[in-house]
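Numbering (this note's numbering), first residue to last: 46 to 313.
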């Protein structure tokens with residue numbers, strides 16, 4: 046199963062905005078801040094996360110070239126899903142999107158989250174939170190600043206992507222290690238808690254999201270692999286700073302996802 050996870054950069058209710066776009070075809074006023082394909086093998090014993098840099102220059106169906114994060118603005122989660130499917134040559138089974146409010150609610154609903162900070166930094170967002178070396182216990186606001194930051198790093202979005210992967214690993218470890226996934230009703234409660242700001246595709250309602258999460262209850266936190274979709278350098282297109290896709294590398298990753306070999310690319 047391939048699940049596309051989108052983090053919206055909107056502070057307003059992204060679910061309402063997505064519904065408006067779906068109903069009217071009008072553009073959304075925000076873009077994807079986080080974009081990941083989460084591959085879950087049939088045995089549910091591992092999870093593989095393929096991150097996609099937001100500045101990757103791709104073909105957006107019906108619109109032509111653009112940064113991949115613009116797909117959300119042009120056509121909501123459906124357009125973003127179609128863009129990722131076309132890029133990788135895979136089927137996305139389900140798509141879910143959280144805005145800032147939903148993300149903070151999820152972390153706070155878990156009682157905070159522990160992340161291992163390998164590159165200390167001070168956030169340039171909101172509270173200016175300082176993330177020291179080692180284990181940091183973060184509430185929802187701090188967790189949001191952790192995954193959004195890029196200006197504090199020499200390699201910008203690449204470190205932000207690594208931090209986003211670190212956060213998703215930590216969330217999965219918290220869910221499995223804390224016993225949250227052992228009770229499907231408890232999982233449903235957590236999904237409901239964040240559902241005010243959660244947008245899903247038409248075939249993936251909160252009940253199904255809870256069932257999928259429950260199926261991961263025996264996941265080993267050490268069996269979570271991550272990787273970032275390969276790029277081929279940076280440059281400028283129409284005045285925009287962009288990353289160019291490594292089409293050969295991307296094709297290989299897509300084939301690995303289709304054939305169940307993504308573990309060959311992912312880093313434990």
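Note that the Cβ used here is the ideal one computed from N, Cα and C, for glycine as well.
Check: residue i C-beta below 6 Å from any heavy atom of the ligand ADP
i           : result
residue 189 : By its list of ligands, the structure shown contains no ligand whatsoever, and the ligand ADP lies outside what it can speak to.
Buried versus exposed call for residue i [16 or more other C-beta atoms within 10 Å across all chains shown]
i           : result
residue 148 : buried
residue 286 : exposed
residue 306 : exposed
residue 221 : buried
residue 105 : buried
residue 126 : buried
residue 314 : The chain is shown only over 46 to 313; residue 314 falls outside these bounds and no answer can be derived.
residue 175 : exposed
Proximity winner among the options, relative to residue i (alpha-carbon distances)
i           : options            : result
residue 136 : 112, 96, 82        : 82
residue 80  : 238, 117, 254      : 117
residue 52  : 237, 172, 213      : 213
residue 87  : 223, 313, 311, 304 : 304
residue 129 : 113, 142, 144      : 113
residue 91  : 271, 253, 284, 298 : 271
According to DSSP, residues forming a beta bridge with residue i
i           : result
residue 142 : 51, 244
residue 315 : Look at the range of the chain in this structure, 46 to 313, and you will see that residue 315 is not part of it.
residue 287 : 280
residue 296 : For residue 296, which the question treats as bridged, DSSP gives no partner whatsoever.
residue 307 : DSSP, once it has assigned bridges, lists no residue as partnering residue 307.
residue 174 : Note: residue 174 sits in no beta bridge, so no partner.
residue 112 : 102
residue 34  : Coverage of the chain is limited to positions 46 through 313, which leaves residue 34 absent and any answer about it impossible.
Close beta carbons around residue i, own chain, < 6 Å, minus the five adjacent residues each side
i           : result
residue 249 : 139
residue 211 : 160
residue 201 : 195
residue 260 : 89
residue 262 : 226, 227
Sequence-distant residues of the same chain with beta carbon closer than 7 Å to residue i, five excluded per side
i           : result
residue 231 : 225
residue 291 : 275, 276, 277
Quiz item: What runs of the alpha helix (DSSP H), each 4 residues or longer, lie entirely inside the region 205-279?
Solution: 229-239, 251-260
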